[in-house]
Amino acid sequence: MSFLHDSTGVNPDVQYDLLPEGWYTFRIYEAEEMESKKGYPMILARCEVVGDVRYKDSSVWHYVVFIPKGQKGDGISVHFRKCIGVPFGGQDEVDARDWMGKKFMGYAVQETYEGKTRNKIAKVSPMPDADKNATEVGNSGVKDEEIPF
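Once you know that position 66 of the sequence shown is 84 in the working numbering, the rest is easy, because the numbers rise by one and skip nothing.
Next comes the structure, spelled out in structure tokens:
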């Protein structure tokens, strides 16, 4: 079945309303396993704002790259997994499906890239009541004070 749609005069480069800079509660509604430009495992977490009716339809894509131990940024994926309450800090099996529905606090900023301004999650933190849960979920025997962040 086909249908007609008149898009005459519609600007395909329209900018959508962006989140103002600040902390928001995000929920991961989709997570997809991918590969980074450098060939590292990566998960694209598609996140939506929850708990704030002003921005309930706002979503931000957040890329989590699994950088090898000893390289700059190797703790970022560990910190993110700790924040969402999945196993972190050891020989962990990572499955993007386990990230679905997980909530975390994210600091949204606006960043211009390739001529377009988009939101980006610049910092993450566990949900205020989830700190205990993140440690209990499974840090693979690594103590919090041993994690470098």
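Just so it is clear, CB atoms sit at the ideal spot from N, CA and C, and this is done for glycine as well.
Determine which residues share a DSSP beta bridge with residue i and list them.
i: V67; result: F44
i: F122; result: F44
Looking at residue j and residue i, is the spacing between their C-beta atoms short of 9 Å?
i: S77; j: D35; result: no
i: Y125; j: E39; result: yes
i: E51; j: A114; result: yes
Quick one: measure Cβ to Cβ for residue i and residue j, integer angstroms, because I've assumed they're closer than 8 Å.
i: D70; j: Y42; result: 6 Å
i: P119; j: R45; result: The sequence given here places Gly at residue 119; Pro does not occur at that position. Correct: roughly 7 Å between the Cβ atoms.
i: M60; j: V96; result: Contact doesn't hold; Cβ gap of about 14 Å is too wide.
i: V142; j: M123; result: 7 Å
i: W117; j: I102; result: 6 Å
I need the boundaries of the alpha helix (DSSP H) containing residue i, first residue and last residue.
i: S95; result: I94 to I102
Please report the distance separating the alpha-carbon of residue i from that of residue j.
i: A63; j: K90; result: 21 Å
i: A49; j: L22; result: 34 Å
i: N137; j: E129; result: 6 Å
i: E53; j: M145; result: 28 Å
The beta strand (DSSP E) spanning residue i covers which residue range?
i: I80; result: The identity of residue 80 in the sequence shown is His, whereas the question assumes Ile. Run containing H80: S77 to V83, per the beta strand (DSSP E) assignment.
i: A140; result: K134 to S143
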